[in-house]
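Asks: Let me give you the structure first, and then I'll get to my questions.
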Amino acid sequence: MHKTSAAPKLAAVRGYGGLVELCEATQTAREAAVAALRARDPRLQLVHPFDDARVMAGRGTVVLELLEQVAAGEIVCSSGGGGDGAGKVQLDAVVVPVGGGGLLSGSAVAARVAGVRVFAAEPAAADDAWRSFHEAVGADGQPRRERVAAHAPGKGRSIADGLLTTVGSQTWPIVRDLVEDVFVVSEAEIARALKLVFERMKMVIEPSAAVPLAAVLFNPEFRKLQGLRNVGIVITGGNIDLDKPFPWQTLDLS
Numbered sequence: 008m009h010k011t012s013a014a015p016k017l018a019a020v021r022g023y024g025g026l027v028e029l030c031e032a033t034q035t036a037r038e039a040a041v042a043a044l045r046a047r048d049p050r051l052q053l054v055h056p057f058d059d060a061r062v063m064a065g066r067g068t069v070v071l072e073l074l075e076q077v078a079a080g081e082i083v084c085s086s087g088g089g090g091d092g093a094g095k096v097q098l099d100a101v102v103v104p105v106g107g108g109g110l111l112s113g114s115a116v117a118a119r120v121a122g123v124r125v126f127a128a129e130p131a132a133a134d135d136a137w138r139s140f141h142e143a144v145g146a147d148g149q150p151r152r153e154r155v156a157a158h159a160p161g162k163g164r165s166i167a168d169g170l171l172t173t174v175g176s177q178t179w180p181i182v183r184d185l186v187e188d189v190f191v192v193s194e195a196e197i198a199r200a201l202k203l204v205f206e207r208m209k210m211v212i213e214p215s216a217a218v219p220l221a222a223v224l225f226n227p228e229f230r231k232l233q234g235l236r237n238v239g240i241v242i243t244g245g246n247i248d249l250d251k252p253f254p255w256q257t258l259d260l261s
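Heads up: the sequence shown is residues 8 to 261, going by the working numbering.
Structure (structure tokens):
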């Protein structure tokens, strides 16, 4: 785990009996730490956090469960809009956070099978997925999707520390083919969305989990999209240090 991991996350892993090896918060450092561990004990097996088909499939059950709840009428449309006339929701899209792409790729498969549009959200300070979708241009002058395994330099470190890795080599083809677009949000927007969830939903979540909500609420390009009345937002992760000032107390939200 990286050295800047939230204290509650470290405490939970240790509390469950896990042995924690700390490293720097980069993909290269994590891979080097894993290699060193396996060199010391060849019996150790790597369970990759995202670049594994089994992990992707498991993460995809998040959206699969959401779709099942929608189909069963467990989620109703209180405003009467976007439903089937009886208040039952018709889901138009899901927005999923992206770091390595495990959650996003599995969610995209589940959603697209059901005919639901899929969008991704990430911090502007960790924008490799957005760059992969928007930076490359083909010989015909048209944009083409090409994996960029790096964040744009000079943007600082995001408070969304669960999304600091880059999209994996195995997750990328699924993300490339099934995700409609990627949207980025600022640190202030993440903090505002995080505060809203704490205040309105009474849920303890981490900054990474607030990124999709921030995209839906504040990203102007997302808000221009047509045909979206009911949007599912994947909010996942609650590793936040409650003994430290909250991000909305330390960042300029204007």
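Heads up, the beta-carbon is just placed ideally off N, CA and C, and yes, glycines get one too.
1) Helix, strand or coil for residue 55 per DSSP?
2) Does the Cβ-Cβ distance between residue 169 and residue 213 come in under 8 angstroms?
3) Below 7 angstroms CB to CB, which residues in the same chain sit around residue 34 once its five sequence neighbours on both sides are set aside?
4) Between residue 162 and the rest of its own chain, which residues show a CB-CB distance below 6 angstroms, the 5 nearest in sequence each way excluded?
5) Could you compute how far the alpha carbon of residue 185 sits from the alpha carbon of residue 158?
6) Rounded to whole angstroms, what is the Cα-Cα separation between residue 36 and residue 10?
7) In the DSSP assignment, what residue or residues form a beta bridge with residue 144?
8) Starting from residue 184 and walking both ways along the alpha helix (DSSP H), at which residues does that stretch end?
9) Just how far apart, CA to CA, sit residue 144 and residue 251?
10) Find out if the Cβ-Cβ distance for the pair residue 216, residue 239 is shorter than 8 angstroms.
11) On the premise that residue 202 lies in contact with residue 255, defined as a C-beta separation below 8 angstroms, what is that separation, rounded to the nearest angstrom?
12) Please work out which residues of its chain come closer than 7 angstroms, Cβ to Cβ, to residue 222, disregarding the five sequence neighbours upstream and downstream, and give them in chain order.
13) Can you grab the Cα-Cα spacing for the pair residue 73 / residue 62, in whole Å?
14) Straight-line CA distance for residue 59 to residue 53?
15) Can you find the residues in the same chain that come closer than 6 angstroms, C-beta to C-beta, to residue 165, ignoring five residues on each side of it along the sequence?
16) Suppose contacts are defined by Cβ-Cβ distances below 8 angstroms. Is residue 56 in contact with residue 246 by that definition?
17) Check for me: the beta strand (DSSP E) holding residue 240 runs from which residue to which?
18) Throw me the rounded Cβ distance for the residue 108 and residue 175 pair, which I believe falls under 8 angstroms.
19) Classify residue 191 as helix, strand or coil using the three-state DSSP reduction.
20) Should residue 125 and residue 136 be called a contact, given that it needs their Cβ atoms to be closer than 8 angstroms?
21) Please go through the same chain and pick out, in chain order, the residues whose beta-carbon is closer than 7 angstroms to the beta-carbon of residue 119, but skip the five residues on each side of it.
22) Helix, strand or coil, according to DSSP, for residue 70 in the structure here?
Replies: Answer, in terms of the structure:
1) Taking the first residue of the sequence shown as position 1, residue 55 is located at position 48. Coil, per DSSP.
2) Within the sequence shown, the letter at position 162 stands for residue 169. Within the sequence shown, the letter at position 206 stands for residue 213. Cβ distance < 8 angstroms, so residue 169 and residue 213 count as in contact.
3) Numbered from its first residue, the sequence shown carries residue 34 at position 27. Here the set comprises 172 and 173.
4) Here residue 162 corresponds to residue number 155 of the sequence shown, with the count starting at 1. Once the five neighbours on either side are set aside, the close Cβ partners of residue 162 are 132.
5) The count along the sequence shown starts at 1 and reaches residue 185 at position 178. The count along the sequence shown starts at 1 and reaches residue 158 at position 151. Going by the C-alpha atoms only, they are around 22 angstroms apart.
6) As a first step, residue 36 must be located in the sequence shown, where it is residue number 29. As a first step, residue 10 must be located in the sequence shown, where it is residue number 3. Taking the straight line joining both Cα atoms gives about 11 angstroms.
7) As a working mapping, residue 144 is identified with position 137 in the sequence shown. In DSSP, residue 144 forms a bridge with 150.
8) If you number the sequence shown from 1, residue 184 lands on position 177. Residues 179–185.
9) What you label residue 144 is simply residue 137 of the sequence shown in a count that begins at 1. What you label residue 251 is simply residue 244 of the sequence shown in a count that begins at 1. Going from the Cα of residue 144 to the Cα of residue 251 covers about 44 angstroms.
10) Taking the sequence shown and counting its residues from 1, the one referred to as residue 216 is at position 209. Taking the sequence shown and counting its residues from 1, the one referred to as residue 239 is at position 232. No; because the gap between Cβ atoms is not below 8 angstroms, this pair is not in contact.
11) For the purposes of this step, residue 255 is taken as the residue at position 248 of the sequence shown. For the purposes of this step, residue 202 is taken as the residue at position 195 of the sequence shown. Right, the Cβ-Cβ distance comes to about 4 angstroms (below 8 angstroms), so this counts as a contact.
12) Here residue 222 refers to the residue found at position 215 when the sequence shown is read from its first residue. Closer than 7 angstroms at the Cβ level, and outside the excluded window around residue 222, lie 102, 128, 190, 192 and 229.
13) The sequence position of residue 73 within the sequence shown is 66, counting from 1. The sequence position of residue 62 within the sequence shown is 55, counting from 1. Near 18 angstroms, if we compare the C-alpha coordinates of residue 62 and residue 73.
14) Numbered from its first residue, the sequence shown carries residue 59 at position 52. Numbered from its first residue, the sequence shown carries residue 53 at position 46. Approximately 10 angstroms between the Cα atoms of the pair.
15) By one-based count along the sequence shown, residue 165 stands at place 158. Closer than 6 angstroms at the Cβ level, and outside the excluded window around residue 165, lie 130, 132 and 133.
16) Position 49 of the sequence shown holds residue 56. Position 239 of the sequence shown holds residue 246. No; because the gap between Cβ atoms is not below 8 angstroms, this pair is not in contact.
17) One-based indexing of the sequence shown puts residue 240 at position 233. Its beta strand (DSSP E) spans residues 238–240.
18) Here the question's residue 108 lines up with position 101 in the sequence shown. Here the question's residue 175 lines up with position 168 in the sequence shown. Yes, residue 108 and residue 175 are in contact; Cβ-Cβ is about 6 angstroms, under 8 angstroms.
19) Position 184 of the sequence shown, counted from the start, is the residue given in the question as residue 191. Strand.
20) Here residue 125 refers to the residue found at position 118 of the sequence shown. Here residue 136 refers to the residue found at position 129 of the sequence shown. Their beta carbons are not under 8 angstroms apart, which means residue 125 does not touch residue 136 by this criterion.
21) Within the sequence shown, the letter at position 112 stands for residue 119. Within the same chain, residue 119 has close Cβ partners 125 and 185.
22) Counted from its first residue, the sequence shown places residue 70 at position 63. Looking at residue 70 - three-state DSSP - the assignment turns out to be helix.
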